[in-house]
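Its first residue numbered 362, the sequence shown is counted upward by one per residue in the numbering used here. The C-beta atom is built at its ideal place from N, Cα and C for all residues, glycine as well. Being a predicted model, the structure only gives us computed values, none of them experimental. To start, the structure itself, in structure tokens.
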Amino acid sequence: MLRHHLFLHVTLIIRAATVPTLGLIFAVPVLEFLLPVFQQLGFLSDLDESIEVYRAALELRPLGSLYRATCLNNLANSLRDRFEQRGSLSDLDEAIKLYRAALLLRPPGNYDRASALANLADSLEDKFKQCGTLADLDEAIELNLAALLLCPPGHSDRAMCLNNLAISIHDRFDQRGALSDLDEAVELHRAALLLRPPDHSERVVSLSNLALGLRDRFKQRGSLSDLDEAIELQRAALLLLCPGHPKRASSFTNLAASLRDKFQQCGALSDLDEAIELNRAALLLHSPGHSERVVSLNNLANSLRDRFEQRGSSSDLDEAIELYRAALLLCPSGHNDRSISLNNLARSLIDRFNQRGTLSDLDDAIEHHRAALLLCPPGHSLRSMSLNNLAISLRNRFHQCGTLSDLDEAIELNQAALLLCPPGHSDRSMSLNNLATSLRDRFRRCGALSELDDAIEFNRAALLLHPPGHSDRSMSLNNLANSLYDRFHQHGALFELDDAIELHRAALLLRPPDSSTGMSYRTWMNHLGSIWNSPASLMQHLVAILMLPKSWTALKFLDRHVALLSSSLRHFDVFKEATSSLAMDAFSCSIRYGDLMTAVELVEQGRAVFWTHLARFRTPIDELSLSGDPGATLADEFKRLSFRLHQSPQIRQLTMQWDDVVSRIRMLPDFSHFLLPPPFSGLQKAADEGPVIVVNASQYSCDALIIFGFRDPVHIPLDITQTEVSELSSEFQSLAEEFGSSDHQQELASILRELWKLYLESKVEYGSRIWWCPTAEFTLLPLHAAGPYEKKKDNLPHIYISSYTPTLAALIRARQQVSGDTSMQHFVAVGQANPDRGKALRCVAPELAVVAQRLSPLVSFTSLEDSGATVQGALDALRHNQWLHLACHGMPNRKQPFESSFAMRDGPLMITDIIRSHWQNPEFAFLSACHTTVGDETSLDESIHLAAAMQFSGFRSVIGSMWSVDDDVARQVVSAFYGNLVDGSGRLECTRAAVALQKAVKSLRKMKIPLEQQIVFVHIAPGTIGYHSLVQHHISCSHANVTESHGIVTLSDFAVRSTRCGLDIRKIYTSVPVASGSDKEWGEILAFAEKMVAAGRTYCWLPWGEEYLLKVLSFHSKLGWQRQQACQCVVLNHIAPKIEDYLQGLCECQDLPTLRKTAMNTSQGILDGGLNASLFGGISGTFPLPTDSSARHPCGK
362 MLRHHLFLHV TLIIRAATVP TLGLIFAVPV LEFLLPVFQQ LGFLSDLDES IEVYRAALEL
422 RPLGSLYRAT CLNNLANSLR DRFEQRGSLS DLDEAIKLYR AALLLRPPGN YDRASALANL
482 ADSLEDKFKQ CGTLADLDEA IELNLAALLL CPPGHSDRAM CLNNLAISIH DRFDQRGALS
542 DLDEAVELHR AALLLRPPDH SERVVSLSNL ALGLRDRFKQ RGSLSDLDEA IELQRAALLL
602 LCPGHPKRAS SFTNLAASLR DKFQQCGALS DLDEAIELNR AALLLHSPGH SERVVSLNNL
662 ANSLRDRFEQ RGSSSDLDEA IELYRAALLL CPSGHNDRSI SLNNLARSLI DRFNQRGTLS
722 DLDDAIEHHR AALLLCPPGH SLRSMSLNNL AISLRNRFHQ CGTLSDLDEA IELNQAALLL
782 CPPGHSDRSM SLNNLATSLR DRFRRCGALS ELDDAIEFNR AALLLHPPGH SDRSMSLNNL
842 ANSLYDRFHQ HGALFELDDA IELHRAALLL RPPDSSTGMS YRTWMNHLGS IWNSPASLMQ
902 HLVAILMLPK SWTALKFLDR HVALLSSSLR HFDVFKEATS SLAMDAFSCS IRYGDLMTAV
962 ELVEQGRAVF WTHLARFRTP IDELSLSGDP GATLADEFKR LSFRLHQSPQ IRQLTMQWDD
1022 VVSRIRMLPD FSHFLLPPPF SGLQKAADEG PVIVVNASQY SCDALIIFGF RDPVHIPLDI
1082 TQTEVSELSS EFQSLAEEFG SSDHQQELAS ILRELWKLYL ESKVEYGSRI WWCPTAEFTL
1142 LPLHAAGPYE KKKDNLPHIY ISSYTPTLAA LIRARQQVSG DTSMQHFVAV GQANPDRGKA
1202 LRCVAPELAV VAQRLSPLVS FTSLEDSGAT VQGALDALRH NQWLHLACHG MPNRKQPFES
1262 SFAMRDGPLM ITDIIRSHWQ NPEFAFLSAC HTTVGDETSL DESIHLAAAM QFSGFRSVIG
1322 SMWSVDDDVA RQVVSAFYGN LVDGSGRLEC TRAAVALQKA VKSLRKMKIP LEQQIVFVHI
1382 APGTIGYHSL VQHHISCSHA NVTESHGIVT LSDFAVRSTR CGLDIRKIYT SVPVASGSDK
1442 EWGEILAFAE KMVAAGRTYC WLPWGEEYLL KVLSFHSKLG WQRQQACQCV VLNHIAPKIE
1502 DYLQGLCECQ DLPTLRKTAM NTSQGILDGG LNASLFGGIS GTFPLPTDSS ARHPCGK
């Protein structure tokens, strides 16, 4: 009611003011009193009428009038208010003119001079922000400084003057970049804050202003203390703004911006999550119709886009796009921010196109960039940027659709952008590079050499603008290298190939770990690989590259850049781009050069990069953090720098700091190989328990490489091309999609026969335990099931016990994992027959019943079914159980592999859920679901599938499926499998999984089950098995026609290698209870051994303890062995405590001729006579085994 009466009075006063002279004399003083009240209450919406009253009042205050200065000031204030509402520059210009006149009437010594100086300074700063004239800003600073001098310490307006001067100087820093201005602004804000104690009404203003200054200084200098202080000040400001305060929304926004900066600095997702929530809170306070709503929409969208880049969540990106669309609707034609909103929306649409490949998103982005360009007519400061944005989008569409008109338009736009960037322009180098790239694309399409020549000249000009130390130098080096390489292929000038390789090398040394990390590496290696198809004179270049010191090899480059990347899912595309076909081509090139060990290192390093990086990053960092104060400090510093490297433009400086931290970490005890890729000598340990067969398909050749534990790899060229492998793989995939719907036995057998042609029988000993490590399209083929599929002929499953491993390092890690508390084994069976999507599974309940029947008497058994089998229920169960059986639908997503999932009652249990979980000592998982080894269709070698996720999350042993599994067959396999998984002591043993699976599958062959269901399950990862199981497998093969040994026979191989990797031989014998065991079991082993000795095989037995020695000797006697035969078995008993060191020496001895000579010339043996043992293929003789307690190494180590 009071406000209503005041409004009526002011209306009457304004009307009275229209009466000449007397009305104005009466009206003006009252209006001067009431106008601020209505401005505060918000009821005076019509500034026009009040401005006219002030004009009339000013006319009644002639020069020399006592109140003229006040009238000038009041009219200027109203005009400035109208400028802020409507943006009319004429109002601001008139206000400045009036403020100057008022200042002239308040000379030095006048009480109001300080406020007059401040008013004029504020209006000049508004003019600067509107027009960008630095002279206005400089004058504003001088005026604010003069006002401050008139407000000495103790003056009531000193805090305000300090604040005004600080703001002006901060603005000058934004224009000129002088850090001294920013430092001065921060100190002025500090001084103002000291004059505004906690109960001061303007304290919140000083808190916010100081925080903004500190945040800007952090952005310049990177000092985390500045940012931390800014966040604390902003939190304090927020506490002073209770709900309903008009500045609370801006406080939310400011704190969110600082937390987003903190996230970008340190990588803590909690900071980004909080920033998103604060931006949401600000948006709620900026309801529809609020002038700041568009800002809040953009801020929230930007934060969500950041989180999408970290976590890869499509929902975040979709929400960001919707927010950008809403912001655009609030920026209609003519709005100052419409161009920014169009560009924001276009960028996010391109992100979604890159993620999902939906062409309509790219089309929409192009249209938005066109609209943004229309808002930047000739002469507009942002026109060059808009031209480039549209050109880049059109070029992207050309790459997708091949429409030449898109590329032609892109080139025209690039040329127009370059014309707007004359020499000296900050964007000239970007325009040069963009135009060069587009011209090179058109050359590749149309073949006009003149355009390639132009592209090279533009690339050279851009490189000159990126001198050493420039953040974009690596990009320019890479672009010029690509263009020179293209011209080399046209003209054949060898010097241009040399230049291209050197430029790529220089680019790699500078390359930041962002979304373009892999391009220079991949193109460089592709260039090297293509030399194989070039004239012979070019071979010297490849040889030179392969002979480079390690610091220059591709091996180090890839490892270094991958190590710099965070373990975020958003970097999966980076890994794919960096390694697509790279490892396979490098493997092929190394083999053709004859360097088999380097081939193993390269193929290992370039495959499953995401998983490998995840494992190599997590484990050593965790160990470093727990190693003590120096290690924990270095771990924190390493994580901080690793994150900043893909967020900050200061790449070169940060990379040097990162290298320094890594060097210091490697100086710590036990961390000398921190983050280094394992050499071949380390990778060879993967074959400690049986050969690992790498089967590779490359554009240059297809090869198999058999890795043995104690001798050099063996290369086998495969008589098949990559194209033929791809065709065979496609044929098989098409066939697999029809499994279960009709009989395809003959077609499947035909494919398996083709694989049989690659069979390696002559190189891998019959009956061996083997691991397949396929690459490229070979990963989609059932190598483990190859065979002639003819009567009276064995197929591969009859000959070998097969497992798969994505990488050698994965196999080694799984074996090194230590089992948890073995006093009680905890097993959970999770079954979901009625998921939220997909048809019901009728055999899930019977399958779980079979598992329970087999295992509940032996282990702590838990079962989750139907309503209990939810996503969270399954994750919670895995926190308390180490053994898992999972029966449900498997839902592969070959386009977005991280969204592959198991179907639970309430939704999908995705790979992302699995790899983010931290389970304690998981042992074994049987994935009784379809397609659990099916991964990304565009990056087969990354092995992003459900089974791999379980393995890399810690499960030592995993059973998975390669295609659809019949519900009833799964139940039968499971029943037979768990019957064979229990060892002689009644405990589950995950290392028996491969043998148990083989026996289970063998039992199916008698039931006329379709062939595809007999071979659908595969074993992944380790599989150490006891002697008894291994012997039984050899005996079951029952082959008298044993081929000549090409290496260590299986029993010797297993024993030596088990000891070599530190296993307790006594534990290995658990399947054969020797101390109190049956004569029958020992008889089977020794009978088999005698049979193999008769076939020319030699063995090295490693019994542990006197009772084992006595048992062996007693059976020698029972079996009628003569002393000469017994000497075929080397009994290493009394040196058992030192055997590991001794075998380490044998393994590390690289000079085989010296080893052979030492063996042949040494007459000393463990037993009385010389012992004929063969620890290396093709080497026989008497080995010098030490007789004292100090084991010696051969070759004088």
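- As the crow flies, the alpha-carbon of Ser694 is around 20 Å from that of Leu450.
- Secondary structure at Pro1078: strand, using DSSP grouped into helix, strand and coil.
- The shortest CA-to-CA distance from Phe1071 to any of Ala1048, Ser1087, Val1055, Pro1078 is the one to Ala1048.
- Ala823 and Ala643 have their C-alpha atoms spaced approximately 43 Å apart.
- With a cutoff of 9 Å on beta-carbon distance, His1250 and Val1189 are scored as not near each other.
- Taking a C-beta distance under 9 Å as the contact criterion, Val1191 and Ala1264 do not qualify as a contact pair.
- Pairing Ser747 with Cys782 gives a Cβ-Cβ distance that is not under 9 Å.
- Taking each of Ala597, Arg1114, Asn775, Leu602 in turn and checking the Cα distance to Ile753, the smallest one comes out for Asn775.
- Taking C-beta separations shorter than 8 Å and ignoring five residues to either side along the sequence, the partners of Gln1312 in its chain run Pro1167, Ala1171, Ala1175, Val1319, Ile1381, Ala1382, following chain order.
- Around the beta-carbon of His852, fewer than 16 other beta-carbon atoms lie within 10 Å, marking it exposed.
- Here Gly785 carries a coil assignment [DSSP, helix/strand/coil].
- Look at Val1053 here: in three-state DSSP terms it is strand.
- The three-state reading of DSSP puts Arg441 in helix, counting H, G and I together.
- Contact check between the stretch 430 to 443 and the stretch 452 to 460: three or more CB pairs, one atom from each, fall below 8 Å, which counts as touching.
- Its Cα nearest to that of Gly470, the residue Cys512 stands out among Leu495, Asp483, Cys512.
- Per DSSP, Phe1287 is one residue of the beta strand (DSSP E) stretching across 1285 to 1289.
- Looking from the CA of Pro739, the closest CA among His1076, Ala778, Glu593, Arg1277 belongs to Ala778.
- Non-local C-beta neighbours of Pro1283 in its own chain, meaning closer than 6 Å and more than five positions away in sequence, comprise Gln1243, Gly1315, Phe1316, ordered along the chain.
- In the three-state reduction of the DSSP assignment, Asp1327 falls in the coil class.
- In this model, Cys1204 and Cys1351 are separated by some 25 Å (Cα to Cα).
- Below 8 Å, enough C-beta pairs join the stretch 614 to 628 and the stretch 565 to 579 to call them touching: three or more.
- Comparing C-alpha distances from Ala508 to each of Asp499, Ala482, Ile528 shows the shortest one belongs to Ala482.
- Pairwise C-beta distances place the stretch 1056 to 1067 in contact with the stretch 1075 to 1087, as three or more of them are shorter than 8 Å.
- Here Ser664 is near Asn640, since their CB atoms are less than 9 Å apart.
- Taking the C-beta atoms as reference points, Leu1036 is found nearer than 9 Å to Val1023.
- DSSP, read as helix, strand or coil, puts Tyr685 in helix.
- Between the alpha carbons of Arg821 and Arg756 lies a distance of about 21 Å.
- For the pair Arg758 and Ala797, the Cα-to-Cα distance works out to about 17 Å.
- For Ile1131, the enclosing beta strand (DSSP E) stretches over residues 1130 to 1135.
- Annotation: the continuous beta strand (DSSP E) that includes Val1191 extends over 1187 to 1192.
- Shown here, Glu1098 sits in coil according to DSSP, grouped into three states, outside any helix or strand.
- Residue pairing by DSSP puts Met1271 in a beta bridge opposite Ser1262.
- The three-state reading of DSSP puts Val1220 in coil, since its state is none of H, G, I, E or B.
- Ranking Asp1328, Asp587, Gln1186 by CA distance to the CA of Gln1193 puts Asp1328 first.
- Inter-residue distance for Ile711 and Leu723 is about 6 Å (C-alpha atoms, whole angstroms).
- In this structure, the alpha-carbon of Ile682 lies about 41 Å from that of Ala1058.
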